[in-house]
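Novice: Okay, here's the structure, questions in a sec.
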Amino acid sequence: MKLLEQAGCTVEVPPVQVCCGQPAYNSGDRATTRAIASQVIDAFEGYDAVVAPSGSCGGMLSHHYPGLFDDDPAMKARAENLAGRSHELMSFLVDVLGEKKVAAARYDGVATYHDSCSGLRELGVKEQPRRLLDSVQGLSLHEMKTPEVCCGFGGTFCVKYPEISNAMVSEKSADIAATGADTLLAGDLGCLMNMAGKLQREGSAVRVRHVAEVLAGMGDLPAIGEPERG
Amino acid sequence: MESTAHAFKTNVDHALADPNLQDSLAKLKVGFSERRRQAAERLPEFEALRDRARDIKNHTLANLDFYLEEFERKVIGLGGHVHWAPTAADARRIIAELCQSVGARTVAKSKSMVAEEIALNEHLEALGIAPIETDLGEYIIQLRNEPPSHIIAPAVHLTKDQVADTFLEHHSKLGFDKRLTERNDLVAEARYVLRQKFLDADVGLTGANFLVAETGSSMLVTNEGNADLSNTLPKMHIVLASIEKVIPTLEDAAVLLRVLARSATGQESSAYTTLNTGPKRAEDLDGPSQYHVVLLDNGRSGVLGTEMQDILRCIRCGACMNHCPVYGAVGGHAYGWVYPGPMGAVLTPQLVGVEEASNLPNASTFCGRCESVCPVRIPLPKLMRHWREREFEKHLTPRGVRQGLALWSFLARRPALYRGLTSIANRVLALFGRADGRYSALPLAGGWTRFRDFPAPQPGGTFHAQWKGKEGKRKRA
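Chains as they are written, first to last, in this note's numbering: chain A, 1 to 230; chain B, 1001 to 1477.
Okay, structure coming up:
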């Protein structure tokens, strides 16, 4: 929010919006997905841009909605219109608004950045967050060996196949530890909660934050899964 | 082979608890993907070649009947024979009859996933015909009586020590009673044992990477040269291939070969690329006197024209499994049938039934890495999602998932109620969890909290609540 306003946008949050429908979509429930998608399309009618701080929600709107309405040309046109206006936050700031740095944010620490799957492979989010992080004072970035490999969240996957998910996130947490970073950043809440949950279960001191928190200079708030300070 | 895809979850438990398998997988995950990446980087036109490869396969699938008939005409013209096998049982019967027609006692086989698909070895053995696997990996797993765990590296689940034990156990009766530890020594011993079997074989059976319609050739790539011995030494050569292996021209084959090896192993090309074009001619010094091609359908023609058709583009490079984090965690045997990994998660439900293989298309995070490396750009996550849709329609989705989904979707369609409930949940979770910042156990969330903590919400209420507060302040100001 702060990032968008700093970049000169007028931000509104339509109160009628809910989830983008991905849980139903990926569970094979097309009818429910269509109903929810129609609702989302209504909710965001009339805005210049729809920005989500998540690659998977952004990807759902921009890549998957139009395909839901192949048999309904009118809805398909509306879905395509929304798709063209929908962006993931980092990509919106850098690719659309042309931001090259963030205004005077400071974060003292060493971070590593996880490329969330949908953001990376559906939306091409890779360099944008790194470029903006580069302008945060006090911060250095240590890359993982495989930042592009899935963390094992996968929506309902992580509770339907917890053992496989655990094997995947364990590997991710070892990769994170090997960087020596004190902070893990990413751009998708699902991945962040999964990795934070694993790191904390393992007793790791690595703090986990959404990349936007650091870019907005809000790194003094408790990190994900961290108790209140003081 | 008999499918255990229905027991996927049990298979997964075994796989995760198997230290040898986990050792082997750790190597596979790094090796294959790194080599593919370097190979792709070295070839500037690689991405453009992927487009062409996709287009060639799409064109062929759109005209499959034409190219198959063209291929048949060419093979017959060369003096060979083409046998159409609508089902696996038909293919088994045709091959057995061919073997029996020359009184075969042994069949030298080069690696063929289609032969695994139709469970050919078991059938031949039951008829007293011994199939000899000549691909090193296939040979190892044949000795161990195991199915392949990968479509191009069938024994990739084994460590060197396991292979050493297997060879000692099976080769000692041939006079090799020393346990070998060096890779080269193991290969040399297998080579020695296999060489005599090539010479003794009555029939050579190979698969095919491509069938070239314009020339009637079957094309094979290997790194061991075993296929060349399988198809030149015995008097009868049988090619077993599924119908979607046909492509129009040699020119097309050249394009596909350029993406195949790079995607599979990161090689520019495989060590051996062999074209078999009909039986031995009068002026040839060697070669089989009989040349037969068995074309297997086994349900594939039913995929044509459906939303699943893209899977028929698959050229069996294995890149999708090499890059799949789920395959990387559990290996190929967990998938329970012949084809593992993402391509298997799409193909297996088609070939053994979605009821049997319902877990496979669900056991994916849709991370999309498979699609990003597929040389023929098969949208594998999308096809897995189509299976999930079919399962949902057939009420195969587990009851818990269905009920959870129904409740969630009821709420998601009612924004005010959704907001109210999430706000309450947020406050409750924050109230009890804020002190620690997280939960190590939560009711109804065992799948999550067995292995992970669950973060408590940050202070200040839901995003919508905070936004509403902020807007209120603005309006008052």
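Note that the Cβ used here is the ideal one computed from N, Cα and C, for glycine as well.
Consider the Cβ of S1423 of chain B: report whether some Cβ of chain A lies at a distance smaller than 8 Å.
Specialist: Closer than 8 Å: no.
Novice: Among residues of its own chain, excluding the 5 on either side of G230 of chain A, which ones have a beta-carbon nearer than 7 Å to its beta-carbon?
Specialist: Confidence is the limiting factor: at G230 of chain A the pLDDT is only 48, short of 50, which leaves the residue's position unreliable, though a coordinate-based value still follows. Closer than 7 Å at Cβ, skipping near neighbours: no residue.
Novice: What separation, rounded to the nearest whole angstrom, lies between the Cα atoms of K126 of chain A and G119 of chain A?
Specialist: So the two alpha carbons sit approximately 8 Å from each other.
Novice: According to a CB-to-CB cut-off of less than 8 Å, which residues of the region 77–88 of chain A neighbour chain B?
Specialist: From the region 77–88 of chain A, no residue has a Cβ closer than 8 Å to chain B.
Novice: Out of A:C19, A:D48, A:R78, point me to the one whose CA is closest to M60 of chain A's CA.
Specialist: When each option's Cα is compared against that of M60 of chain A, the closest is A:C19.
Novice: The ligand PLP and A1017 of chain B: does any heavy atom of the ligand fall closer than 7 Å to the residue's C-beta?
Specialist: Because no ligand of any kind appears in the structure shown, any question about the ligand PLP cannot be addressed here.
Novice: So which residues on chain B does Q137 of chain A lean against when the C-beta distance must stay under 8 Å?
Specialist: Simply none; closest approach about 24 Å.
Novice: Please work out which residues of its chain come closer than 6 Å, Cβ to Cβ, to I1151 of chain B, disregarding the five sequence neighbours upstream and downstream, and give them in chain order.
Specialist: M1113, R1316, G1318, listed in sequence order.
Novice: Which residue or residues does DSSP assign as beta-bridge partners of Q1290 of chain B?
Specialist: According to DSSP, which records beta bridges pairwise, Q1290 of chain B is partnered with B:M1236.
Novice: Here's the rule: buried if 16 or more other CB atoms are within 10 angstroms of the residue's CB, otherwise exposed. What is I1424 of chain B?
Specialist: Exposed, since its Cβ has fewer than 16 Cβ neighbours within 10 Å.
Novice: Within 8 Å (strictly less), CB to CB, does F1046 of chain B reach chain A?
Specialist: Output row for F1046 of chain B: interface = no.
Novice: Under 8 Å between C-beta atoms, does N1362 of chain B make it to chain A?
Specialist: Yes, its Cβ sits closer than 8 Å to a Cβ of chain A.
Novice: So what's K76 of chain A in DSSP terms, helix, strand or just coil?
Specialist: Three-state DSSP puts K76 of chain A in a helix.
Novice: If you compare alpha carbons, which of B:S1101, B:V1102, B:A1089 is closest to A1115 of chain B?
Specialist: Selected option, being the one with the closest Cα: B:A1089.
Novice: Would you say G230 of chain A faces chain B, with C-beta separation under 8 Å as the test?
Specialist: Low local confidence applies: a pLDDT of 48 at G230 of chain A is under 50, so the model's placement there is unreliable, with the coordinate-based value given in what follows. By this cut-off, G230 of chain A is not an interface position.
Novice: When DSSP labels each residue in this structure, what does Y1327 of chain B get in the three-state scheme?
Specialist: Here Y1327 of chain B sits in helix by DSSP.
Novice: Distance, Cα to Cα, G190 of chain A vs E1355 of chain B?
Specialist: Cα to Cα, the separation comes out at about 30 Å.
Novice: What residue does the alpha helix (DSSP H) around A1310 of chain B start on, and which one ends it?
Specialist: Checking the sequence, you will find Asp at residue 1310 of chain B rather than Ala. Neither: D1310 of chain B is in no alpha helix (DSSP H) and is coded neither H nor E.
Novice: Could you check what DSSP says for W1387 of chain B in three-state terms: helix, strand or coil?
Specialist: W1387 of chain B falls in the helix class under three-state DSSP.
Novice: Identify each residue in the region 158–169 of chain A for which the Cβ-Cβ distance to at least one residue of chain B is less than 8 Å, and report them in chain order.
Specialist: Answer set for the region 158–169 of chain A: C158, V159, K160, Y161, P162, E163, I164, S165, N166, A167, M168, V169.
Novice: Would you give the residue range spanned by the beta strand (DSSP E) that G1204 of chain B belongs to?
Specialist: Here the beta strand (DSSP E) through G1204 of chain B covers 1203–1206.
Novice: Is it buried or exposed, Q1350 of chain B, if we count other Cβ atoms within 10 angstroms and call 16 or more buried?
Specialist: Burial call: buried.
Novice: In terms of residues, what are the limits of the beta strand (DSSP E) holding H210 of chain A?
Specialist: That run of the beta strand (DSSP E) goes 207–210.
Novice: Residues bridged to E88 of chain A by DSSP?
Specialist: Beta-bridge pairing links E88 of chain A to A:A52.
Novice: Would a check of beta-carbon distances place E122 of chain A closer than 8 Å to chain B?
Specialist: Yes, its Cβ sits closer than 8 Å to a Cβ of chain B.
Novice: Quick one: which chain B residues come within Cβ less than 8 Å of M193 of chain A?
Specialist: Simply F1454, P1455.
Novice: Where does T1274 of chain B fall in DSSP's three states?
Specialist: In the structure shown, T1274 of chain B sits in a strand (DSSP, three-state: E or B).
Novice: If we count Cβ pairs, one from each stretch, closer than 8 Å, do we get three or more for the region 1067–1076 of chain B versus the region 1210–1220 of chain B?
Specialist: The answer is yes - the region 1210–1220 of chain B touches the region 1067–1076 of chain B, with three or more Cβ pairs under 8 Å.
Novice: My understanding is that H1171 of chain B touches V1193 of chain B, with C-beta atoms under 8 Å, so please give their C-beta distance in whole angstroms.
Specialist: Their Cβ separation, rounded to whole angstroms, is 6 Å, which keeps H1171 of chain B and V1193 of chain B in contact under 8 Å.
Novice: Where DSSP assigns a beta bridge to S1372 of chain B, which residues make up the other side?
Specialist: DSSP, once it has assigned bridges, lists no residue as partnering S1372 of chain B.
Novice: Would you kindly work out how many angstroms separate the C-alpha atoms of S1358 of chain B and E1391 of chain B, rounded to a whole number?
Specialist: Their backbone Cα atoms lie some 7 Å apart in a straight line.
Novice: Check whether chain A comes within 8 Å of C1367 of chain B, counting only Cβ atoms and requiring the distance to be less than that.
Specialist: At least one chain A Cβ lies under 8 Å of C1367 of chain B.
Novice: Using three-state DSSP, classify A24 of chain A as helix, strand or coil.
Specialist: Helix at A24 of chain A.
Novice: Using beta carbons (cut-off 8 Å, strictly below), is P66 of chain A in contact with chain B?
Specialist: No, no contact with chain B.
Novice: Helix, strand or coil, according to DSSP, for K1009 of chain B in the structure here?
Specialist: The answer is helix: DSSP assigns K1009 of chain B an H, G or I state.
Novice: Within the region 110–194 of chain A, note down every full beta strand (DSSP E) run reaching 3 residues or more, in order along the chain.
Specialist: The region 110–194 of chain A contains these whole beta strand (DSSP E) runs: 137–141, 183–186.
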